[in-house]
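Protein chains in written order, with this note's numbering: chain W, 1095 to 1210; chain X, 1095 to 1210; chain P, 1095 to 1210.
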Amino acid sequence: MSPIRRLGSHARWSDVVIHRGVARWVEVAEDRAVDFSQQTRQVLQQVDDTLQSLSANRSSLLQMLVFVSDLAHMDQFNAVWDAWVPPGAAPIRACMQAGLAGGCLVEVIIEAAVSE
Amino acid sequence: MSPIRRLGSHARWSDVVIHRGVARWVEVAEDRAVDFSQQTRQVLQQVDDTLQSLSANRSSLLQMLVFVSDLAHMDQFNAVWDAWVPPGAAPIRACMQAGLAGGCLVEVIIEAAVSE
Amino acid sequence: MSPIRRLGSHARWSDVVIHRGVARWVEVAEDRAVDFSQQTRQVLQQVDDTLQSLSANRSSLLQMLVFVSDLAHMDQFNAVWDAWVPPGAAPIRACMQAGLAGGCLVEVIIEAAVSE
């Protein structure tokens, strides 16, 4: 079996799991006492931080599955997203509404290519 | 890092992202002014078209995560699906209800094996 | 193209699809005439069974995307989960509420590393 590498291994989950050149992780805003746009900015900043810890960057992103608590926020999401996503190197993206726990207004499931 | 190949690279997302022999993409019906069954047929036709552009076929599908706006449509989904999915070579499949944007009644997140 | 291996290939879906060292599958409780905690225990037992059939184990898990029919059950989910997840080798995990079909109270989308 190809080795599995984990970053931030907690009792309930690992922050990042890396296997065969693909890193998988989930982001929610660390501070959730703020509004949707601020949570979105945090999530994307946290993605940047995780990418940096993986020696990767936004162009390494393969997939961003975005779940929002209310589709009425999609315009706000896109405003933050459009300023963030790398031109010519965007990941695939799906945006859907789901029930989110713990005060999350946005939750993103990410896959990125990393070196081995 | 293994190279990333993208098909249909737009400002907001890429249509398809290919990395290490796996293609990832998201399909929603291009014409959404139609009913659920017609959207489903379009989505599966678009999957066929994307597979063809990847020199792949339905037997190359690894995963289809299906989100519908209303689970009441599942019988209609399955009627279209059952006529489409390749015997003996089906992908894994999950079907769930989520809030979908932009008049989508069905949205599918796909992974397929492709040659490198 | 790297070969695709399937376990439990049904007309509508395959139980498990394996490609390039990653197994993908979906679990719902086989007996759904029971409450949330019992469905969760079944799902995780079924994951164990599938891992065993893949000559893998809980430490091989890369991703668990958990969809529950009601977020009010998250405490119950975590009680069962915390006793199950391997210390120091947890997968990434997302938990969200979505509409689930067929009496499912919990549905999990799984990726695990397997030998080739």
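For each residue, glycine too, the CB sits at the ideal point set by N, CA and C. Treat the numbers as computed from the prediction; the structure is a model and nothing was measured.
* Closer than 8 angstroms by beta-carbon distance: list the chain X residues that pair up with A1105 (chain P), in chain order. => Numbered from 1 along the third sequence, position 11 holds the residue referred to as residue 1105 (chain P). Those are D1176, V1179, P1181, A1184, listed as they occur along chain X.
* Straight-line gap, V1162 (chain P) to A1192 (chain W) (C-alpha atoms, nearest Å) -> Mapped onto the third sequence, residue 1162 (chain P) falls at position 68. Mapped onto the first sequence, residue 1192 (chain W) falls at position 98. Each residue's alpha carbon lies about 10 angstroms from the other.
* Using the rule of at least 16 other Cβ atoms within 10 Å of the residue's Cβ for burial, across every protein chain shown, is S1154 (chain X) buried or exposed? -> As a position in the second sequence, residue 1154 (chain X) is number 60, starting the count at 1. Around the C-beta of S1154 (chain X), 16 or more other C-beta atoms lie within 10 Å, and the residue is accordingly described as buried.
* To do: Starting from M1168 (chain P), trace the alpha helix (DSSP H) both ways and give me its first and last residue.
  => Taking the third sequence and counting its residues from 1, the one referred to as residue 1168 (chain P) is at position 74. The continuous alpha helix (DSSP H) containing M1168 (chain P) extends over residues 1168-1178.
* **Contact set between M1190 (chain P) and chain W, taken where Cβ atoms lie within less than 8 angstroms** => Here residue 1190 (chain P) is taken as the residue at index 96 of the third sequence, counted from 1. Under the 8 angstroms cutoff, chain W gives F1161, A1192, G1193, L1194, A1195, E1201.
* Asked: Over what stretch of residues does the alpha helix (DSSP H) that includes L1145 (chain W) continue unbroken?
  -> Along the first sequence, read from residue 1 onward, the residue named residue 1145 (chain W) stands at position 51. For L1145 (chain W), the uninterrupted alpha helix (DSSP H) run begins and ends at 1130-1147, by DSSP.
* To do: On a CA-only basis, which of P:V1116, P:T1134, P:W1107 is nearest D1164 (chain P)? Give me that one, please.
  => Position 70 of the third sequence, counted from the start, is the residue given in the question as residue 1164 (chain P). Comparing alpha carbon positions, the residue from P:V1116, P:T1134, P:W1107 closest to D1164 (chain P) is P:T1134.
* Which residues bound the beta strand (DSSP E) around R1117 (chain W)? -> In the first sequence, residue 1117 (chain W) corresponds to position 23, counting from 1. Residue identity check: residue 1117 (chain W) is Ala in the sequence provided, not Arg. 1116-1122 is the span of the beta strand (DSSP E), which, as asked, contains A1117 (chain W).
* According to DSSP, what are the bridge partners of V1202 (chain W)? -> If you number the first sequence from 1, residue 1202 (chain W) lands on position 108. Paired residues: W:E1121, W:V1160.
* Per-residue burial, E1210 (chain X) [other beta carbons within 10 Å of its own, 16 or more giving buried] -> Here residue 1210 (chain X) corresponds to residue number 116 of the second sequence, with the count starting at 1. Label assigned to E1210 (chain X): exposed.
* Asked: Does the beta carbon of A1207 (chain P) sit closer than 8 angstroms to a beta carbon anywhere in chain W?
  -> Numbered from 1 along the third sequence, position 113 holds the residue referred to as residue 1207 (chain P). A Cβ of chain W is located within less than 8 angstroms of the beta carbon of A1207 (chain P).
* Show which residues of chain X have a CB atom less than 9 angstroms away from the CB atom of S1213 (chain W). => Only positions 1095 to 1210 of chain W appear in the structure, and residue 1213 (chain W) is not among them; the question remains open.
* Asked: Is S1147 (chain W) buried or exposed, if buried means 16 or more other CB atoms sit within 10 Å of its CB?
  -> As a first step, residue 1147 (chain W) must be located in the first sequence, where it is residue number 53. Around the beta carbon of S1147 (chain W), fewer than 16 other beta carbons sit within 10 angstroms, so the residue counts as exposed.
* Asked: Does DSSP classify R1152 (chain X) as helix, strand or coil?
  -> Translated into the one-based positions of the second sequence, residue 1152 (chain X) becomes position 58. Correct three-state label for R1152 (chain X): helix.
* Excluding the 5 residues preceding and the 5 following A1195 (chain P) in the sequence, name in chain order all residues of the same chain whose CB lies nearer than 8 angstroms to its CB. => Residue 1195 (chain P) sits at position 101 when you count from the first residue of the third sequence. Taken in chain order, the list of residues that qualify is empty.
* Looking at the unbroken beta strand (DSSP E) that takes in S1108 (chain X), where does it start and where does it end? -> Stepping through the second sequence from its first residue, residue 1108 (chain X) is reached at position 14. Residues 1108-1113.
* Asked: The beta strand (DSSP E) spanning A1188 (chain W) covers which residue range?
  -> Residue mapping note: residue 1188 (chain W) aligns to position 94 of the first sequence, counting from 1. Where A1188 (chain W) is concerned, the enclosing beta strand (DSSP E) stretches over 1186-1191.
* What's the gap between the Cα of S1149 (chain W) and the Cα of A1105 (chain P)? -> As a working mapping, residue 1149 (chain W) is identified with position 55 in the first sequence. As a working mapping, residue 1105 (chain P) is identified with position 11 in the third sequence. S1149 (chain W) and A1105 (chain P) have their C-alpha atoms some 43 angstroms from each other.
* Asked: Hey, E1205 (chain X) and Q1157 (chain X) are a contact pair by Cβ (cut 8 angstroms); roughly how many whole angstroms apart?
  -> For the purposes of this step, residue 1205 (chain X) is taken as the residue at position 111 of the second sequence. For the purposes of this step, residue 1157 (chain X) is taken as the residue at position 63 of the second sequence. The pair is a contact, with the Cβ atoms about 4 angstroms apart (cut-off 8 angstroms).
* Asked: Tell me which same chain residues have a C-beta within less than 6 angstroms of the C-beta of A1188 (chain X), skipping the five on either side of it?
  -> Counted from its first residue, the second sequence places residue 1188 (chain X) at position 94. Apart from sequence neighbours up to five positions away, the residues of its chain that approach A1188 (chain X) with a beta-carbon distance below 6 angstroms are L1159, ordered along the chain.
* In the DSSP assignment, what are the bridge partners of S1103 (chain W)? -> If you number the first sequence from 1, residue 1103 (chain W) lands on position 9. W:S1108, per the DSSP bridge assignment.
* Does the Cβ-Cβ distance between V1128 (chain P) and R1118 (chain P) come in under 8 angstroms? -> As a first step, residue 1128 (chain P) is located in the third sequence; it is residue number 34 there, counting from the start. As a first step, residue 1118 (chain P) is located in the third sequence; it is residue number 24 there, counting from the start. R1118 (chain P) sits away from V1128 (chain P), with the two beta carbons spaced by 8 angstroms or more.
* **Beta-carbon proximity list for L1208 (chain W), same chain, < 8 angstroms, skipping 5 on both sides** => If you number the first sequence from 1, residue 1208 (chain W) lands on position 114. The sequence shown places Val at residue 1208 (chain W), rather than the Leu named in the question. Correct list, in chain order: I1112, G1115, V1116, A1117, L1148, S1149, A1150, S1154.
* Integer-rounded CB distance, given that A1184 (chain P) should sit under 8 angstroms from W1107 (chain W) -> Here residue 1107 (chain W) refers to the residue found at position 13 of the first sequence. Here residue 1184 (chain P) refers to the residue found at position 90 of the third sequence. About 5 angstroms separates the two Cβ atoms, so the contact holds.
* **Beta-carbon proximity of V1200 (chain X) to I1186 (chain W), cut-off 8 angstroms** => Within the second sequence, residue 1200 (chain X) is the residue found at index 106, counting from 1. Within the first sequence, residue 1186 (chain W) is the residue found at index 92, counting from 1. At a Cβ-Cβ threshold of 8 angstroms, V1200 (chain X) and I1186 (chain W) do not count as neighbours.
* Asked: Going by beta carbon distance, what residues of the same chain come within less than 7 angstroms of M1190 (chain X), once the five residues before and after it are set aside?
  -> Translated into positions along the second sequence, residue 1190 (chain X) becomes position 96. Counting only Cβ-Cβ distances below 7 angstroms, and skipping sequence neighbours, we find F1161.
* Asked: How about S1154 (chain P): is its C-beta nearer than 8 angstroms to some C-beta of chain W?
  -> Here residue 1154 (chain P) refers to the residue found at position 60 when the third sequence is read from its first residue. True, the Cβ-Cβ gap to chain W drops below 8 angstroms.
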